Amino acid sequence: AQSVTQLGSHVSVSEGALVLLRCNYSSSVPPYLFWYVQYPNQGLQLLLKYTSAATLVKGINGFEAEFKKSETSFHLTKPSAHMSDAAEYFCAVRHNAGNMLTFGGGTRLMVKP
Amino acid sequence: DSGVTQTPKHLITATGQRVTLRCSPRSGDLSVYWYQQSLDQGLQFLIQYYNGEERAKGNILERFSAQQFPDLHSELNLSSLELGDSALYFCASSAAGGQGNEQFFGPGTRLTVL
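Order-wise, the sequence lines are chains A and B. Start counting the first sequence at 17; every next residue gets the next number (my numbering). Start counting the second sequence at 1298; every next residue gets the next number (my numbering).
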């Protein structure tokens, strides 16, 4: 069965600093991987997805993620954090048997001025 | 705005009661998914419907049921409610039930069971 693990339930960075949110997956077949963002009192918005085309995936709002099969990782990065990036971020993997998603525990990103 | 609508936004009810959550998918989307987000369980897939038919089941309790109607809107019915059912319930939709299709999430319904 597919699963994802997000290391660090809380990450705090200064404005302008690098953002690195970690996600490791477990899958017996090449996975489809997703990063979603959830702002307070809102639903989930797709940031980017990996569907086996390019290993470096660019998403919205300056975020990108790199698929590394050897490390079973799909970490999310952004070169320079903005205050508006403060939110909860979820990594997810799609099930083989259907299109439903299994989510990691989430990482709350805090951005300090 | 994802194009997925959910009503109501908030629901407060008592233990033992029954509630119905409603979801309207994006125009043209045939698949609807229900997820539960709680503090202790995180985000969990409950059930998927595709064009009116149940497609997949996740960690959905027997007290919970869902359906998708001919106009493609979906309802999630929660009965014999317990305190632990308090959570945020999300609906998502995708163009089809196939692999890799992006799911668009609604704003959620926050259920509080007192």
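Yeah, the Cβ is synthetic: ideal placement off N, Cα and C, and Gly gets one too. The structure displayed is predicted, hence computed values, not measured ones.
- Inter-residue distance for A:I76 and A:L64 is about 7 Å (C-alpha atoms, whole angstroms).
- By the Cβ rule, the stretch 1304-1319 of chain B does not count as touching the stretch 41-55 of chain A, because fewer than three pairs are nearer than 8 Å.
- At least one C-beta of chain B is nearer than 8 Å to the C-beta of A:N115.
- In terms of CA proximity to B:S1335, B:S1383 leads the group B:Q1345, B:S1383, B:V1329.
- Taken through DSSP and simplified to helix, strand or coil, B:I1344 comes out as strand.
- The Cβ-Cβ distance between A:T71 and A:E80 does not fall below 8 Å.
- Between A:G120 and B:Q1345, the C-beta gap is not smaller than 8 Å, which leaves the two residues out of contact.
- Between B:A1363 and B:N1374 the beta-carbon gap is near 7 Å, inside 8 Å, which marks them as a contact.
- From the listed residues A:G122, A:E31, A:L117, A:T123, the smallest Cα separation to A:A17 is found for A:L117.
- A distance of 8 Å or more separates the beta carbons of A:T123 and A:L49.
- Rounded to whole angstroms, B:E1359 and B:L1343 show a C-alpha spacing of 11 Å.
- When the five nearest sequence neighbours on each side are left out, the beta carbons in the same chain lying within less than 7 Å of the beta carbon of B:G1405 are those of Q1303, L1385, Y1386, F1387, in order along the chain.
- Inclusion of A:D101 and A:V127 in the CB contact set at 8 Å is warranted, their separation being smaller than that value.
- Among the residues of chain B, none has a CB under 7 Å from the CB of A:G78; the nearest is roughly 19 Å distant.
- Chain order gives no chain A residues near B:Y1386, where near means a beta carbon separation below 8 Å; the closest approach is about 11 Å.
- Non-local beta-carbon contacts of A:V53 in its own chain, meaning distances under 6 Å to residues more than five positions away in sequence, involve Q61, L63, A103, Y105 in chain order.
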